[in-house]
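Visitor: Shown below is the structure under consideration.
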Amino acid sequence: MLLNVNLGWRCFFVFLLCIIMGCNEVKKGKTNISGNDNPIILEVPEPEIEAKVVAQILQGEKVYMQYCLVCHQETGGGVSGLNPPLQDTEYVLGEKNRLIEILTKGSNVGLSIKGNTYSNAMPGFGNLSDDDIANVATYIRNSFGNRADPITKEEVSQYKLVYD
């Protein structure tokens, strides 16, 4: 019985805390979070942009599970000597066109990452839609400990227009 009472109070406290925090108004753009004459300026991202990226990551996870999971594993760690990791690597976090190229055209060359060589060929997935390529690229760039800008459908389309 004591557990139920404590749980009830905990839920009430969390609910009350959410209401109090929700009453603080945060506006888009620059916000002074210090409340005094020496402002600490916080750039507040536009929520609709963030929601769009989250939706893109969720869709990209579905593509990853269908096409990439077997080789690159659930953790993005790859398979030693065969399939490269997707964690903290230049080809994932670096120049966007390189990742788009690998996803659409595949790779038949061994990759050397942090002193390890990965020799398994990767098939291209150019048959996937530009949305799917952008979504899975964004998922990879923002999963497994990675943090990088999203890749848009338009960037994939532009790449294909120039390099296909």
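Per the working numbering, the sequence shown starts with residue 116, numbered consecutively.
Beta carbons are placed, not taken as given, at the ideal position from N, Cα and C, and that holds for glycine.
Small disclaimer: the values here were computed from a predicted structure and weren't measured.
Roughly how many angstroms lie between the CA atoms of residue 200 and residue 169, to the nearest whole one?
Guide: Within the sequence shown, numbered from 1, the residue matching residue 200 stands at position 85. Within the sequence shown, numbered from 1, the residue matching residue 169 stands at position 54. About 23 Å.
Visitor: Between which residues of its own chain and residue 212 is the CB-CB distance below 6 Å, once the five residues before and five after are set aside?
Guide: As a working mapping, residue 212 is identified with position 97 in the sequence shown. Result list for residue 212: 274, in chain order.
Visitor: Would you say residue 170 reaches chain D, if we count a Cβ-Cβ gap shorter than 8 Å as a contact?
Guide: Judged by its chain identifiers, the structure shown contains no chain D, having just a single protein chain.
Visitor: Pick out the complete alpha helix (DSSP H) segments inside the region 229-264, 4 residues or longer, and give them in chain order.
Guide: 245-256
Visitor: Quick one, which of 261, 252 and 245 has its alpha-carbon nearest residue 271's?
Guide: In the sequence shown, counting from the first residue as 1, residue 271 sits at position 156. That would be 245, whose Cα lies nearest to the Cα of residue 271.
Visitor: Could you tell me which uninterrupted alpha helix (DSSP H) segments, each at least 4 residues in length, are contained entirely in the region 183-220, listed from first to last along the chain?
Guide: 184-187, 205-208 and 211-220
Visitor: Do you know whose CA, among 220, 242 and 192, lies nearest residue 236's CA?
Guide: Numbered from 1 along the sequence shown, position 121 holds the residue referred to as residue 236. Comparing Cα-Cα distances from residue 236 to each of 220, 242 and 192, the minimum goes to 220.
Visitor: According to DSSP, what are the bridge partners of residue 227?
Guide: As a working note, residue 227 is residue 112 in the sequence shown. Paired residues: 232.
Visitor: Exposed or buried, residue 262, counting other C-beta atoms within 10 Å across all chains shown (16 or more means buried)?
Guide: As a first step, residue 262 is located in the sequence shown; it is residue number 147 there, counting from the start. That one is exposed.
Visitor: Taking buried to mean at least 16 other C-beta atoms within 10 Å of its own C-beta, is residue 252 buried or exposed?
Guide: Start at 1 with the first residue of the sequence shown, and residue 252 comes out as number 137. When all chains shown are included, residue 252 counts as buried.
Visitor: Grab me the residues of residue 228's own chain with a C-beta within less than 6 Å of its C-beta, minus the 5 sequence neighbours each way, in chain order.
Guide: Here residue 228 refers to the residue found at position 113 of the sequence shown. Counting only Cβ-Cβ distances below 6 Å, and skipping sequence neighbours, we find 199 and 204.
Visitor: Identify which residue in 255, 195 and 208 has its Cα closest to the Cα of residue 230.
Guide: By one-based count along the sequence shown, residue 230 stands at place 115. Comparing alpha-carbon positions, the option among 255, 195 and 208 lying closest to residue 230 turns out to be 195.
Visitor: Out of 239, 266 and 276, point me to the one whose CA is closest to residue 209's CA.
Guide: Along the sequence shown, read from residue 1 onward, the residue named residue 209 stands at position 94. Closest by alpha carbon: 266.
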